[in-house]
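Report on the following structure.
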Amino acid sequence: MLKYLRPYISAILFLITATVGGVAATLKLPDFTARIINEGIIGGHQDIIVPVGLQMLGIALVGGIFTIITGYLSARIGTGFSRDLRAGLFTKVERFSLVEMNTFSPSSLITRTTNDIQQVQTVLVMVMRMVLAAPITAIWALYKANAIAPDMSWIMALAITALLAVVITLFVLVIPKFQLVQKLTDKLNLVSRENITGIRVIRAFDNQHNEADRLKKVNTDLTKTNIFVARATALMQPVMFLILNLVSVVIVWSGAHLIGTYVLEIGDMLAFMQYAIQVIFSFLMITIVFIMVPRALVSGKRILEVLSVDPIIKDPITPKETKQANGVLVFNDVTFGYDQADVPILENISFTAQPGQVTAIIGSTGSGKSTLINLVPRFYDTLFGEITIDGVNITEMSQHQLRSIIGYVPQKSVIFSGTIHSNIAYSNKTANTDDIHNAARIAQADEFISLLPKAYETPISQYGTNLSGGQKQRISIARAITKDPSIYIFDDTFSALDYKTEVTLRHELKKVTKQKTVLIVAQRVNTILHADQIIVLDKGKNIGQGTHQELMKTCSVYQEIAKSQLSEDELNKYL
Ligand code: ATP
Ligand code: MG
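Residues in the sequence shown are numbered from 318 upward in steps of one, following the numbering used here.
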């Protein structure tokens, strides 16, 4: 994380210089006070009052300028640092494989990128603006106070002991609560997110009350903890002022005695008092930091957790380049499980998908179809066995190259905010309007698009909520077509289309996928009747492979699926 501060080293050095300058100026002021009172007023040299006063003004001005500089620099450094850190965090998360995505929840990642970085930034700015000066001021002021009136040093010692006692008590009470606050913020985020995204389901099942209760619980917990922290911290200021006032009284009382015995001059006593005030204020600053820093540390740790993750899916050091991809996709005895210790989700899967052929995968829900095809773009890595494209193991290619030859249409369409045009063009930055329209036509999307008020330029709201499920599917199919990849992957992408549209779409699609490898996951036997090979998955095992006709003879599970979906006539027709 510190590397994000590196660009600001020179600014930080400048900041430190300005801080020291500011402290020196402030600590010079009591000397002038002492002179004006001792020499000017009591000593009867009234003529020095104006010049010394002017000097004092000048020094105060210099101190003010230094303070402005530190304020400006700390704001620049703090915001710049958090901007870079946010960018760094985002880039890191972008490189996460789905394995890492499963470890951090989206709401936690969002809190880490926003709230946690904000915490770190606040503390950083505070440290730079005020706290850097505090220890310097405290020590310097102590030294000067001691030089001016060594007989009253015990007062300072007493004051510091009292201050330390307050700080330590507070520390013990408040620190453990901060971790809790951050955890509860995550939880609050999670509940709010689920509530907002799931609003239709919540309404439909009339569960508003339960959800409100759930939110109320987290909210109350968070509020209670925050109130405790706020109360404890709020107590600090009055206590500090009490100590300050008591110290002033003791200084005046014991100073009066010393003045009475001509050991001390009045001006020196006042200067001593000013130093004492500065020491106590420095302590106040340091305490604030002691309270804020642990909170920022919790946040910092959470940010580091993300930054230090080493994505499991890595590019090879020297990636193999395949020149012209043909798209021969081979699964060679592939076994995979999400949790390596558990029973595998896929077991010993072997098949070859040739260019110019359609390879279909069918099986009941949860049989591992999506899992199988998610291995091709390396969303996950296989546990055993290998997947090759044109003879090259996909782990030996760069992820960029691998994914550049794949057109993937996920089971759940993902639509980005923007326009229909931008969503279809998402896969291929060089696509022109004709390509986009052509892809939409093949995907059977142009008809509904042309009916929209602004056609291709119709704005799409977040998550594509202004589109129907089938419309979203067709746009994401068009997106894959625009890319013109060597390998097409359709994960159950025709399920939201009516049968007639599906038939036309597959017919049109066939024209562009003539030379391509096509992988289709399907629920409907109709969709895959004419596939060149069909793989039947059952609980992650490949229990049948062949054409429809072959499987009708050899695979009982496939027969069952087919019989449940097709009429007698259809069954006989395709026999
Ligand atoms: P459907 O037809 O419903 O889409 P599917 O055949 O595509 O089903 P998969 O999504 O591949 O099924 O899931 C296969 C199994 O893997 C399921 O038992 C599921 O619980 C499990 N699974 C899926 N995704 C994950 C994940 N991210 N982490 C852990 N287990 C998972
Ligand atoms: Mg699936």
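Yeah, the Cβ is synthetic: ideal placement off N, Cα and C, and Gly gets one too.
- The beta carbons of A549 and I568 sit about 29 Å from each other, so the pair does not count as a contact at 8 Å.
- Under the Cβ criterion (8 Å, minimum of three pairs), the stretch 344-353 counts as touching the stretch 590-608.
- Short note on T688: C-beta closer than 7 Å to some heavy atom of the ligand ATP.
- Short note on Q716: C-beta not closer than 7 Å to any heavy atom of the ligand ATP.
- Every alpha helix (DSSP H) stretch that sits fully inside the stretch 426-457 and reaches 4 residues is listed by chain position as 434-443.
- Within the chosen limit of 7 Å, the ligand MG does not reach the beta carbon of D523 with any heavy atom.
- Going by DSSP, F807 is part of the beta strand (DSSP E) stretching over 804-808.
- The criterion of a C-beta distance shorter than 8 Å is satisfied by F398 and Y325.
- Around I329, the same chain offers I394 as residues with beta carbons nearer than 7 Å, after the five sequence neighbours per side are excluded.
- As a beta-bridge residue in DSSP terms, G735 pairs with I777.
- Per DSSP, reduced to three states, the secondary structure at I560 is helical.
- The DSSP-derived three-state label of A341 is helix.
- A heavy atom of the ligand MG is found nearer than 7 Å to the CB of D808.
- In the DSSP annotation of this structure, the continuous segment of the alpha helix (DSSP H) that includes G380 starts and ends at 366-412.
- Closest in C-alpha terms to R352, from the list S803, E638, P770, I583, comes I583.
- Restricted to the stretch 638-677, the beta strand (DSSP E) segments that are unbroken, complete and at least 3 residues in length are 646-653, 663-670, listed in chain order.
- Collapsing the DSSP output to three states places Y725 in a strand.
- Take the alpha-carbon of S509 and the one of E417: they are about 23 Å apart.
- Taking 7 Å as the cut-off, the C-beta of Q728 counts as close to a heavy atom of the ligand MG.
- Counting the other CB atoms within 10 Å of its CB gives N506 a total of 16 or more, which places it among the buried residues.
- For V835, the beta-bridge partners assigned by DSSP are V675, Y805.
- One alpha carbon belongs to R412, the other to H738, and they sit about 26 Å apart.
- The beta-carbon separation of D808 and I690, rounded to 6 Å, stays under the 8 Å limit for a contact.
- Within the DSSP bridge table, the entry for G680 names L854 as partners.
- For the 8 Å CB-CB criterion, M602 and V731 do not form a contact.
- V709 has I706 as its beta-bridge partners, per DSSP.
- Taking a cut-off of 8 Å on C-beta distances, the stretch 743-761 touches the stretch 794-801, as three or more cross pairs fall below it.
- Here DSSP, grouped into helix, strand and coil, assigns I860 to strand.
- Taking 8 Å as the upper bound for CB-CB distance, L646 and T834 are in contact here, some 5 Å apart.
- For V874, the CB contacts under 7 Å within the same chain, skipping 5 residues up- and downstream, are V853, D855, I860, G861 in chain order.
- V623 has its alpha-carbon roughly 33 Å from the corresponding atom of T682.
- Look at the beta carbons and you see the stretch 715-728 touching the stretch 687-705: at least three pairs across the two are nearer than 8 Å.
- Apart from the 5 residues on each side of it in sequence, F668 sits with its Cβ closer than 8 Å to the Cβ of V647, F648, T676, Q850, I852, N859, Q862 in its chain, given in chain order.
- By the beta-carbon neighbour count (other beta carbons within 10 angstroms, threshold 16), G360 is exposed.
- Taking the Cβ of G786 as the reference point, every heavy atom of the ligand ATP lies at 7 Å or farther away.
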